[in-house]
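Down below is the structure, laid out as structure tokens.
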Amino acid sequence: MTIRTTVIGSYPKPPDEGDTFVVRKTIHGIDKGATTVADLHSAQDDLVRAIISEEESAGIDLITDGHARWDDLLTPFAAHMAGFEIGGLLRWFDNNVYYRRPICTGDLEWRGPASVDAFRFASENSTTTVKAVIPGPVTFAHLSVDEHYNDHSAFVLAIAGVLAQEAFELEAAGTEFIQIDEPALLGAPEDLELAREAIGMITGGLKGTETTTLLTTYFGDAKRLGPDLFTLPVDGFGLDLVSGPENKTLISSLPKGKLLQAGIVNARNTMLEPVDELAAQIAELASLVDPADLLLSPASGLEFLPREKARAKLGRLVDATQKAGV
């Protein structure tokens, strides 16, 4: 099997024109009574189709819907949980984008799938494999306010219980890959054992062996976690080799048979990486990990880039993978 390419999740929206402008205009129209929720869903469908077309045209093997229906990673899931209210805007890590902070005010309960319909739509409108993405329970807890449990472990495990139901429904819908995003875990090594239990609740609830689970980190290195990161109960791990170049030293500790999703393209800088340099890096990675177990991706979501730069970077990632010849 040759090396596969993928994306982390989010995809940039263009300026106030074209398909995204239709989405924004429709949202504003709902407030004025000029458009309906059905109009919004139709506009979002068109945007997802456009994003999928761009990812597939670039040659990406494992795509997402670009999170086109989401404002951030947490809100869609918090909104589908009893016990959460949606708070004000906060900066998303050290980036110039924002998310709405969930506030836990009661027992967390699943109120139905948050992402299954979107996954099904993307799958029905693509010719390649679609990856489902959910937030990790540790990251979810760290980026939320707990006004109910007043116990960090209990809060994380309550979130994990709900996300386990989401993952179960995604598996039932036919997803082959579920990515669990845990960027906050990089700065919380004290939560590693808690993460093991919480992630295990999610992956342990999956029925079969057809669904591959990936725990993905970004915006930094995993040196505070060390090789213990690779003991978490998932099928593979995502490492950011741009913001965390030291992550390369951990790769030799990756257990045989575990997947490595290597983020080698800078998703927060518009400078285009030379194809030759990427190809050399890919060849080096292929000497450390069985190419069949290697996924290549941007270092994080692409929402920070202009859309034309994102397309160009994906194209270069694919070109470099082919040039590496492994």
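For the sequence shown, our numbering begins at 12 and goes up steadily by one. Each residue gets a CB set at the ideal place from its N, CA and C atoms; glycine is no exception. What you are looking at is a predicted structure, and each value in this text was computed from that prediction instead of being measured.
{"query": "Contact set for R122: own chain, Cβ-Cβ below 8 Å, skip 5 residues either direction", "result": "H91, M92, A93"}
{"query": "Close-in-space but distant-in-sequence residues of the same chain around G268 (CB under 6 Å, 5 per side omitted)", "result": "none"}
{"query": "Within 8 Å, strictly: CB atoms of S263 and L299", "result": "yes"}
{"query": "Ranges of the alpha helix (DSSP H) found wholly within the stretch 85-111, counting only runs of at least 4", "result": "86-89"}
{"query": "Proximity below 8 Å, CB of F315 to CB of A291", "result": "no"}
{"query": "Endpoints, the alpha helix (DSSP H) within which T214 is located", "result": "203-215"}
{"query": "Straight-line Cα distance separating R111 from V156", "result": "11 Å"}
{"query": "Sub-8 Å separation of A152 and H163 beta-carbons", "result": "yes"}
{"query": "Three-way DSSP call (helix, strand, coil) for D27 in this model", "result": "Below a pLDDT of 50, predicted positions are generally treated as unreliable, and D27, at 46, falls in that range; no measurement from the model is reported."}
{"query": "Length at least 3, wholly inside the stretch 229-301: the beta strand (DSSP E) runs in chain order", "result": "247-251, 270-276"}
{"query": "Proximity below 8 Å, CB of A209 to CB of P309", "result": "no"}
{"query": "Sub-8 Å separation of A143 and T86 beta-carbons", "result": "no"}
{"query": "Residues that W121 bridges to, as DSSP identifies them", "result": "M92"}
{"query": "Alpha helix (DSSP H) segment containing T150, residue limits", "result": "148-153"}
{"query": "Proximity to L296 [Cα-Cα], best of T260, R322, F230", "result": "T260"}
{"query": "Residues sharing a beta bridge with A423, DSSP", "result": "In the structure displayed, the chain extends from 12 to 337; residue 423 sits before or after that span and is not available."}
{"query": "Buried or exposed by the 16-neighbour rule on C-beta atoms within 10 Å, applied to D118", "result": "exposed"}
{"query": "With 16 other Cβ atoms within 10 Å as the buried cut-off, status of A303", "result": "exposed"}
{"query": "Residues of its chain near L84, where Cβ-Cβ distance is below 6 Å and the 5 sequence neighbours each way are ignored", "result": "P146"}
{"query": "Touch test, the stretch 228-239 against the stretch 176-184, Cβ-Cβ under 8 Å, three pairs minimum", "result": "no"}
{"query": "Boundaries of the beta strand (DSSP E) in which T227 is found, first to last residue", "result": "223-227"}
{"query": "Same chain, Cβ closer than 6 Å to T16, five either side skipped, listed in chain order", "result": "I71, D72, L307, L328, V329, T332"}
{"query": "Close Cβ partners of L289 (< 6 Å) along its chain, the five nearest in sequence each way excluded", "result": "A331"}
{"query": "Inter-residue spacing [alpha-carbon to alpha-carbon] between G348 and T223", "result": "Because the chain here runs from 12 to 337, residue 348 falls outside it and cannot be looked at."}
{"query": "C-beta contact flag for A79 and I97 at 8 Å", "result": "no"}
{"query": "Limits of the alpha helix (DSSP H) - the one that S134 falls within", "result": "127-135"}
{"query": "Extent of the continuous beta strand (DSSP E) to which S308 belongs", "result": "305-309"}
{"query": "Neighbour-count burial assignment, N258, 16 or more Cβ in a 10 Å radius", "result": "buried"}
{"query": "T75 burial status per 10 Å Cβ neighbour count (16 or more: buried)", "result": "buried"}
{"query": "Beta carbon of L271 nearer than 8 Å to that of G247", "result": "yes"}
{"query": "According to DSSP, residues forming a beta bridge with T17", "result": "L73"}
{"query": "Cβ-based burial, S64 [other Cβ within 10 Å; buried from 16]", "result": "exposed"}
{"query": "DSSP state of T138 mapped onto helix, strand, coil", "result": "coil"}
{"query": "Residues that DSSP places opposite P113 in a beta bridge", "result": "I97"}
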